[in-house]
Each structure stands twice: as structure tokens, then as C-alpha cells.
Amino acid sequence: MPELPEVEVIVRGLRKNILGLKITEFEIINKKLRYDTPKEMEYIFKNKTIKHILRIGKYGIILLNGKKHIVFHLGMTGKFRFTKKNTDVHKHDHITIIFNNGIILKYNDVRKFGYFFIISNPINLYKFKNLGIEPFYLDSYSSYLWESLKKKNKDIKSLLLDQGFIAGIGNIYASEILFDSKIYPFKISKKINKNSFTKLLSSIEIILKKAISYGGTTIKDYQNISGELGYFQNNFKVYGREGLTCYKCKNLIIKVKNKGRSTFYCKICQK
Ligand SMILES: [Zn+2]
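The opening position of the sequence shown corresponds to residue 19 in this note's numbering, with each subsequent residue numbered one higher.
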């Protein structure tokens with residue numbers, strides 16, 4: 019499932035390819051995604067120009083001229099691809115956007131957990147969807163996060179997955195971040211000491227930036243808008259490595275399954 023790095027890679031790809039272009043056609047092929055795609059998108063965004071594309075947490079936001087803008091969430095299997103021919107139809111294509119230079123952007127989503135919605139001016143990015151702090155601004159909020167952490171009774175891995183605390187981290191990167199910061203994933207958040215907390219903030223930034231530089235992670239079917247795969251999975255230290263030896267201490271990596279989510283860690287390196 020795309021997490022912050024994968025969404026960032028996609029947003030950068032979109033920015034590179036469609037910034038400044040005008041939408042000549044917006045067609046909803048199948049509106050039934052996680053939430054119905056609003057039908058009015060078809061006429062609201064026609065003849066609008068792409069002004070900016072940004073990411074907040076795991077959301078992509080396409081800002082256009084005018085008062086209304088597009089937000090997308092890729093869910094589990096959502097992806098975009100460019101094509102030059104509208105006859106290039108794949109199973110599970112749900113949206114087609116045609117631009118004034120002839121480029122066509124298709125949104126494809128096998129499991130249909132992704133979704134699109136409209137936001138209108140004024141946009142409050144600071145309070146967007148009640149998301150927590152962006153991982154690349156943690157430094158500026160470290161006292162706030164520390165105070166907040168000291169009140170949390172849930173385990174640190176669940177807290178990292180809480181989008182209202184820090185935005186954009188999902189199951190894969192949570193395991194990698196906790197290994198990097200040497201923290202036991204099921205440690206109660208408020209029991210984490212200041213040094214570990216400081217290390218945690220820096221690990222979040224390091225791991226996510228590294229993942230972006232590798233084009234994200236492809237485990238099942240993630241690919242960027244050019245159809246290229248991500249390669250960060252080759253850098254995993256714990257995720258998907260159960261039963262294999264820890265690169266640091268040679269002990270075996272453990273996998274624990276809880277509420278349908280797997281957590282991977284090293285019981286020697288992570289305390
Ligand atoms: Zn280890």
C-alpha cells in the first residue's frame with residue numbers, strides 16, 4: 019500500500035509532466051471507488067490549468083486555477099499512468115484526464131480503495147484532514163511531539179501509524195523506522211526516553227527520504243507514473259525478513275501479526 023514515499027514519488031512525477039497544462043477532458047469511467055468520485059468533476063475541471071501539485075501525508079493535491087481543486091488518495095492499489103492513446107484501456111481504469119498537449123492520464127485501481135474528492139478555497143493545509151505533523155518538519159515540532167508522546171498509552175508502532183500524530187507513515191516504514199531507531203515496536207509510547215525519541219525523529223526523516231530516493235517500495239504492484247518500480251525493498255532491514263539474520267547482531271528477525279498487520283523487529287537490537 020502506498021505510503022508517504024510512494025505518494026511523494028507520484029506527486030513529483032505528476033508535477034514534472036502536467037504542471038501548467040490545461041485539462042481538456044475529465045472522464046469518470048467508474049465512480050465506484052472507496053467513496054464515489056463526484057460526477058461534477060467532469061465539468062468543474064474541464065478547461066482548468068494545473069497550477070501546483072503537492073502532497074500532504076498520503077494525499078496528493080492538484081491545485082488548479084479557479085476555486086476548486088482535486089485531492090486523491092491511492093488507497094491500496096491506486097496508480098496513475100500516462101498514455102498517448104485513449105484506446106489504451108486497461109481493466110480497472112476508473113478516471114481519464116486528457117490535457118491540451120494530447121497527454122492522457124489514467125487512474126487505475128484494482129482494489130478500489132483509492133478515492134478522489136474536491137476541495138474549495140480557502141484551503142487550510144495546516145488542518146488538512148486533521149493530519150499530524152509532516153515527517154520533514156518534525157524538528158520544528160519536537161517539543162510538541164515529545165509532550166504529546168508522554169501522554170500516549172498505546173504502543174509506539176501504533177502511534178507511528180496514527181495519521182493524526184505524524185502523517186504519512188504506514189506499516190512498512192513503521193517497522194523500518196523502529197529498527198533504525200532501536201526501539202521495540204510494542205513499547206508503550208510514554209515510556210520512551212528522550213534520547214530514543216530524538217533518534218526516532220531523525221530515523222523517520224532518514225528512512226522516508228531514503229525511500230523516496232529509491233523511488234519508493236514495490237512489494238506487489240506499486241509503480242510510478244512512468245511504470246517504473248520502486249527499489250527501497252532491497253534496503254529493508256526487518257520488513258519481510260522474518261527468520262533471516264539481523265544485519266547488525268545476526269539474531270533472527272521476528273514477525274508478529276496483530277489485528278491483520280505484521281510487525282517485524284529484532285529482539286536484540288530493539289529495546
Ligand atoms: Zn539485531
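Positions of the beta carbon are idealized from the N, C-alpha and C atoms, including for glycine.
Note that this is a predicted model, so its numbers are computed, not measured.
CA-to-CA distance, residue j to residue i, given in whole angstroms
i      : j      : result
Leu218 : Met94  : 26 Å
Tyr159 : Thr55  : 35 Å
Phe197 : Ile222 : 11 Å
Thr105 : Tyr249 : 31 Å
Ile71  : Leu163 : 28 Å
Asn142 : Cys267 : 46 Å
His91  : Tyr77  : 5 Å
Pro20  : Asn211 : 31 Å
Whole-angstrom C-beta distance between residue j and residue i, which should lie under 8 Å
i      : j      : result
Ile46  : Glu60  : 6 Å
Leu149 : Gly182 : 7 Å
Ile243 : Gly31  : 4 Å
Gly75  : Gly186 : 5 Å
Lys40  : Lys66  : 7 Å
Lys209 : Cys287 : 18 Å between Cβ atoms; not a contact.
Ile272 : Gln251 : Between Gln251 and Ile272 the Cβ distance is about 19 Å, and since that is not below 8 Å, they are no contact.
Cβ-heavy atom distance, residue i to ligand 1, below 7 Å
i      : result
Ile195 : no
Asn269 : yes
Lys273 : no
Lys266 : yes
Ile36  : no
Lys68  : As written in the sequence, residue 68 is Ile, which differs from the Lys given in the question. Flag unset: Cβ of Ile68 not near ligand 1.
Ile201 : no
Ile286 : yes
Check: residue i C-beta below 7 Å from any heavy atom of ligand 3
i      : result
Ile201 : This structure lacks ligand 3; the ligands present are ligand 1.
Burial state of residue i (16 or more Cβ within 10 Å)
i      : result
Asp127 : buried
Tyr144 : exposed
Gly132 : buried
His108 : exposed
Leu123 : buried
(request) Output the residue ranges of the beta strand (DSSP E) runs that lie fully inside the region 25-95 and measure 3 residues or longer, sorted by chain position. (result) 41-46, 68-74, 77-82 and 86-91
(message) Suppose only complete runs of 4+ residues qualify. What are the alpha helix (DSSP H) ranges in the region 176-257, listed by chain order?
(response) 189-198 and 212-231
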